[in-house]
Amino acid sequence: MLVARNVTKNYSNLPVLKGVDISVSKGEIVTIVGSSGAGKSTLLHILGTLDAPSGGEIFINDVQTSHLQGDALADFRNRHIGFIFQFHHLLPEFSALENVCIPGFIAGTRKSEVRERAIYLLETLGLKDRMEHRPTQLSGGEQQRVAVARALINKPDVVMADEPTGNLDSQNAKELHQLFLQLRDQLGQTFIIVTHNEELATLSDRQLVMKDGRIVA
Ligand SMILES: Nc1ncnc2c1ncn2[C@@H]1O[C@H](COP(=O)(O)OP(=O)(O)O)[C@@H](O)[C@H]1O
Ligand SMILES: [Mg+2]
């Protein structure tokens, strides 16, 4: 469902990605590991259309994303890609439920339908009794599960996560890993996850190792 060919990225004259090829199938959990500065976040941002490559091509379900611009690009990203970051980036003045609904409202889906799906996702993620809480009233693990629900609200083709357990203790990290596996098995959800967590990398379907702007294994 995702194909990237010969993706390069330069910042000024500094080459950060030096020709990356990736293909990811539906329902696959692919992890990207590698030392700090290898280019993992840069690659994930480019695959997620948050940043543009200097060269190469990227297709998500046959749409060449580098050909999209402006509103069309923002709309594509909103509908087809979910994001989870190391820090949850939930909006503090909104409840968990509202945070999950917002990308659905932006997509223009009927409000009642968005709300229903948000409730279903929060229940599935074990947050039935936390829906009306604000982010500061939730634990770190709960906040990150709300961020997962938000990433899933528009039924994205792929969820991209950058160090999603980097800020969690080992028990909460374990639970989040199990959740990713459950979402793959139950919904056929595709994930591309940058991680330093060996356990998550081992649990995933495929591990890519990045070094110095290239995938080396
Ligand atoms: N916006 C930027 N401008 C200049 N250099 C950048 C920028 N973003 C990342 N880099 C550089 O690109 C390299 C890869 O960074 P990054 O993708 O964040 O690595 P990783 O996520 O693997 O730690 C680093 O050398 C970093 O300093
Ligand atoms: Mg990074």
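According to our numbering, the residues represented by the sequence shown are 57 to 273, in order. Glycine residues also receive a C-beta, built at the ideal position from the N, C-alpha and C atoms.
- Judged by the Cβ position, S226 fails to qualify as a neighbour of ligand 1 at the 7 Å threshold, every heavy atom of the ligand being at least this far.
- For G196, the enclosing alpha helix (DSSP H) covers residues 196-208.
- Residue pairing from DSSP places Q120 in a beta bridge opposite F115.
- Ranking A273, Q263, V272 by CA distance to the CA of E84 puts Q263 first.
- A contact is defined here as three or more CB-CB pairs under 8 Å, and the region 62-76 fails this definition with respect to the region 241-252.
- Residue environment for A273: exposed (fewer than 16 other C-beta atoms within 10 angstroms of its C-beta).
- Per DSSP, T258 is one residue of the alpha helix (DSSP H) stretching across 254-259.
- Cβ-Cβ separation between V204 and L181: approximately 6 Å, consistent with a contact (criterion under 8 Å).
- Of the heavy atoms belonging to ligand 2, none sits nearer than 7 Å to the Cβ of D107.
- In its chain, beyond the 5 residues on either side, N223 have a beta carbon closer than 7 Å to the beta carbon of F143.
- In terms of CA proximity to F132, K211 leads the group K211, N62, R186.
- In the DSSP assignment, Q234 falls within the alpha helix (DSSP H) that extends over 226-243.
- About 18 Å separates the Cβ atoms of G112 and N69, ruling out a contact at the 8 Å cut-off.
- Here the residues close to ligand 1, judged by CB distance below 5 Å to any of its heavy atoms, are Y67, V72, S92, G93, A94, G95, K96, S97, T98 in chain order.
- Each of H189, V214, G196 was checked against the Cα of G104, and the nearest Cα belongs to V214.
- The C-alpha of V119 is placed about 23 Å away from the C-alpha of I88.
- DSSP places D131 in the helix class (H, G or I) of the three-state scheme.
- Closest by C-alpha distance to A60, out of I114, R206, T98, is I114.
- Annotation note: the region 129-168 contains the following uninterrupted alpha helix (DSSP H) runs of length 4 or greater, listed N- to C-terminal: 152-162.
- For T98, the uninterrupted alpha helix (DSSP H) run begins and ends at 96-103, by DSSP.
- Just measuring C-alpha positions, the residue of N228, K82, I137 sitting nearest N253 is N228.
- Here DSSP, grouped into helix, strand and coil, assigns P109 to coil.
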